[in-house]
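Protein chains in written order, with this note's numbering: chain A, 1 to 238; chain B, 1001 to 1238.
Okay, here's the thing in structure tokens:
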């Protein structure tokens, strides 16, 4: 079974939802038969590269919240993160364009290090408040994840590298009806939206597992017609 | 959308069903969004490599048919092939173990030449009655398909090369409930068994296309809860 998770590094519910999903997955009997794939989704694709702003200020400005409301929202999210055992600092975090880190996550996927880079990037952004919008930090994270520094720098310097992979993920998210993240897709058949409690994920995995049976189409009356098997070929009327 | 087709080169309904599927696909509006993948299935995996027998004799011996009955079965299949514009010779064709050609098809997949090799192998076996159980013929087919001769020979000489890929395909066929081929799986959601008329495939493709919508799980009452989107993060009660 395959679970694809659309998310953004800048998305706190993705950070928290990933931990809850993993807890839900650990409680699922067939967890060893589940392949998890990260998919790209940008919360703020229209923001120029390098244009960063403190999160609290951005929340206040973009969504018309007072500074106190923005701080209360962050505190609420932080308490959810802490409940999952995740670090979350509510001050000093920057918001920005995440296209480069998504490109880097696709390089990491090609090199078998995507899970490592994803965890490091989330922790850097939310727990350590290192800026994931800064090239030197991205290079350091890539190297920590086990990637080759020269290759990481080359990908970051070439804006077309893995750009199509990011855009393709985003097109698929739109086709699947996802307008927010995290968005979990099980076998391209079931969708779970949001950083739900772990039990929701366990239940969704169980339902998707049961639902794996194929629906037969075009069978008519003779389901063996015009097939060959170990016992020979079915020939109508023979 | 992805269509996986389990088949065997030794299977006449696979040869005919592939042509019917392609005709059905050509009539499907979203044909350019369909990716087709070949999957391995052996009709006679227990037969030793190199142990070949004339098809008519095998049909008579294995399934207890008289020579006339075997000939009538082949004639029926041949008339179906001819209706699809495919060559089909009913005499002189050999039956045997197809493990090596499936391994070679996986090499061809890795080199982007699987479709070419598949068509050449079917034609060799059914229309030209070249023995696809013979190493020199397999090498010639591989080269005709655009593969490197040295690499083809190396794969054929090493019985472990791509063997896991063939076995993995066969395990998945069993998991999906396929005990005969051709077996068509659309988006791992719908199954069509047998070399059905082209219209059946067009209809199945249309139904699978409509059925692509995800079934939401675990939504509860607030479907936007604990997600982030371009308009910010949903915070319960905020």
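Note that the Cβ used here is the ideal one computed from N, Cα and C, for glycine as well.
Asked, Found
"Helix, strand or coil at residue 94 of chain A according to DSSP, with G and I counted as helix", "strand"
"Beta-carbon separation (whole angstroms), residue 1005 of chain B vs residue 1047 of chain B, contact threshold 8 Å", "At roughly 23 Å, the Cβ-Cβ gap does not stay under 8 Å, so residue 1005 of chain B and residue 1047 of chain B are not in contact."
"Beta-carbon spacing of residue 1085 of chain B, residue 1126 of chain B below 8 Å", "no"
"Neighbourhood of residue 30 of chain A by C-beta distance below 8 Å, restricted to the same chain and skipping five residues each side", "1, 205, 209"
"Pairwise C-alpha distance: residue 1197 of chain B and residue 1184 of chain B", "13 Å"
"Listed by chain order, chain A residues near residue 1062 of chain B by CB distance under 8 Å", "232"
"Helix, strand or coil at residue 1009 of chain B [DSSP, three-state]", "coil"
"7 Å Cβ shell around residue 1199 of chain B - same chain, five flanking residues per side excluded", "1024"
"Residue of B:1146, B:1165, B:1230, B:1173 minimising C-alpha distance to residue 170 of chain A", "B:1230"
"Cα-Cα separation between residue 142 of chain A and residue 11 of chain A, rounded to whole angstroms", "20 Å"
"Interface residues of chain A facing residue 1192 of chain B [CB-CB closer than 7 Å]", "217, 218"
"Neighbour-count burial assignment, residue 1098 of chain B, 16 or more Cβ in a 10 Å radius", "buried"
"DSSP-derived helix/strand/coil call for residue 1162 of chain B", "coil"
"Under 8 Å by beta carbon: chain B residues contacting residue 185 of chain A", "1214"
"8 Å Cβ cutoff, residue 1189 of chain B in contact with chain A", "yes"
"Residues bridged to residue 1081 of chain B [DSSP beta-bridge criterion]", "Residue 1081 of chain B pairs with nothing; no bridge assigned."
"Partner residues on chain B for residue 182 of chain A, Cβ-Cβ distance less than 9 Å", "1226, 1227, 1228"
"Cβ pair count under 8 Å reaching 3, the stretch 1098 to 1109 of chain B against the stretch 1148 to 1155 of chain B", "yes"
"When A:115, A:43, A:137 are compared against residue 95 of chain A, the one with the closest alpha-carbon", "A:43"
"Contact list for the stretch 200 to 214 of chain A against chain B, Cβ threshold 9 Å", "200, 201, 203, 204, 207, 208, 211, 212, 213, 214"
"Per-residue DSSP class, three states only, for residue 128 of chain A", "coil"
"Endpoints, the alpha helix (DSSP H) within which residue 152 of chain A is located", "149 to 157"
"Option in A:144, A:211, A:16, A:69 with minimal Cα separation from residue 1215 of chain B", "A:211"
"Environment of residue 174 of chain A [buried if 16+ CB atoms lie within 10 Å]", "exposed"
"Proximal residues to residue 34 of chain A (C-beta, below 8 Å), its chain only, five neighbours per side dropped", "1, 2, 3, 25, 28, 205"
"Selected residue, minimal CA-CA separation from residue 1177 of chain B, among B:1235, B:1191, B:1234", "B:1191"
"Neighbour-count burial assignment, residue 75 of chain A, 16 or more Cβ in a 10 Å radius", "exposed"
"Beta-carbon neighbours of residue 176 of chain A, restricted to chain B and to distances below 9 Å", "1212, 1213, 1214"
"Contact set for residue 1064 of chain B: own chain, Cβ-Cβ below 6 Å, skip 5 residues either direction", "none"
"is_contact[residue 164 of chain A, chain B] using C-beta, thresh 8 Å", "no"
"C-beta atoms of residue 60 of chain A and residue 67 of chain A nearer than 8 Å", "yes"
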